[in-house]
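Number of protein chains: 2
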Amino acid sequence: MIYHNSILCIIWDFYFMTDEEFLKALGANIAKVRMEKSMSQQDLCSKIEMETSNLSAIENGRQNATALTLKKIGDALGVEVKELVRL
Amino acid sequence: MIYHNSILCIIWDFYFMTDEEFLKALGANIAKVRMEKSMSQQDLCSKIEMETSNLSAIENGRQNATALTLKKIGDALGVEVKELVRL
DNA sequence: TCATAGGTTATGATATATCATAATAGTATC
DNA sequence: GATACTATTATGATATATCATAACCTATGA
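Protein chains in written order, with our numbering: chain A, 366 to 452; chain B, 366 to 452.
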């Protein structure tokens, strides 16, 4: 049996992350960008008046951040929101 | 007086959208992508079991969508979330 | 040992996103 | 005019994001 890349692409096009996978990936990416900027959760949270308990839950994929929360995180990290959702 | 592009860039780097501006821009972009796909609000909402009243509020910047809602909208439109937040 | 820093988890309170439904308005077509 | 399509707006109910605070854990270092 022969496998074609085009078939893999079609399969990929029909693959959607589950909600859980999405939130995990989003949180992991936020944590990654934060660490690249050498900031602690407290550093970030103090910049945008956000609770560390909140950020921790978001970075661990236990909480579903709002668009404005993502914007605030992006502002604090000096990146655009699209960098945070580049999963 | 001479204006330099570099100065404009610095000013831009320190410019943050207000929350209202951000939600307006996000909503307008979602509506733009949806129309590019020739989908009505109902088309989109029926795909992801979302209320049109909800989508209308998001597209008009009156509501602060969650990350999962943005993901669902992206799935329904066949684009990644980063396309929706490319403001 | 003790203290500190960084992160996680838990709790109750408050704000708000979403659901579900309905009413309204504009636009186009018959 | 009447009908259908699309979008907006309003309402009450429910789910949940965030706030505020506290306790806990781990690693590090004085």
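For glycine and all other residues, C-beta sits at the position ideal for the given N, C-alpha and C.
As the structure is a prediction and not an experimental result, all values here were calculated from the model.
Please state the DSSP three-state secondary structure of residue i.
{"i": "residue 431 of chain A", "result": "strand"}
{"i": "residue 451 of chain A", "result": "coil"}
{"i": "residue 402 of chain A", "result": "coil"}
{"i": "residue 446 of chain A", "result": "helix"}
At which residues does the alpha helix (DSSP H) containing residue i begin and terminate?
{"i": "residue 382 of chain A", "result": "Residue 382 of chain A -> no alpha helix (DSSP H), and no H or E assigned at all."}
{"i": "residue 419 of chain A", "result": "417 to 424"}
{"i": "residue 412 of chain A", "result": "406 to 413"}
Taking a contact to mean a Cβ-Cβ separation below 8 Å, would you say residue i touches residue j in this structure?
{"i": "residue 436 of chain A", "j": "residue 447 of chain B", "result": "no"}
{"i": "residue 416 of chain A", "j": "residue 392 of chain A", "result": "no"}
{"i": "residue 419 of chain A", "j": "residue 407 of chain A", "result": "no"}
{"i": "residue 395 of chain B", "j": "residue 449 of chain B", "result": "yes"}
{"i": "residue 390 of chain B", "j": "residue 452 of chain B", "result": "yes"}
(message) Output needed in chain order: residues of the region 376 to 402 of chain B with a Cβ under 8 Å from some Cβ in chain A.
(response) 381, 382, 384, 387, 388, 391
(request) With 7 Å as the C-beta to C-beta threshold (strictly closer), list the residues of the region 427 to 450 of chain A near chain B in chain order. (result) Here the close residues are 429, 430, 431, 432, 433, 435, 436, 440, 446, 447, 450.
(message) Does the region 425 to 436 of chain B come into contact with the region 398 to 405 of chain B, if we say contact requires no fewer than three beta-carbon pairs (one atom in each stretch) closer than 8 Å?
(response) For the pair of segments examined, the region 425 to 436 of chain B was found not to touch the region 398 to 405 of chain B: the number of CB pairs separated by less than 8 Å stays below three.
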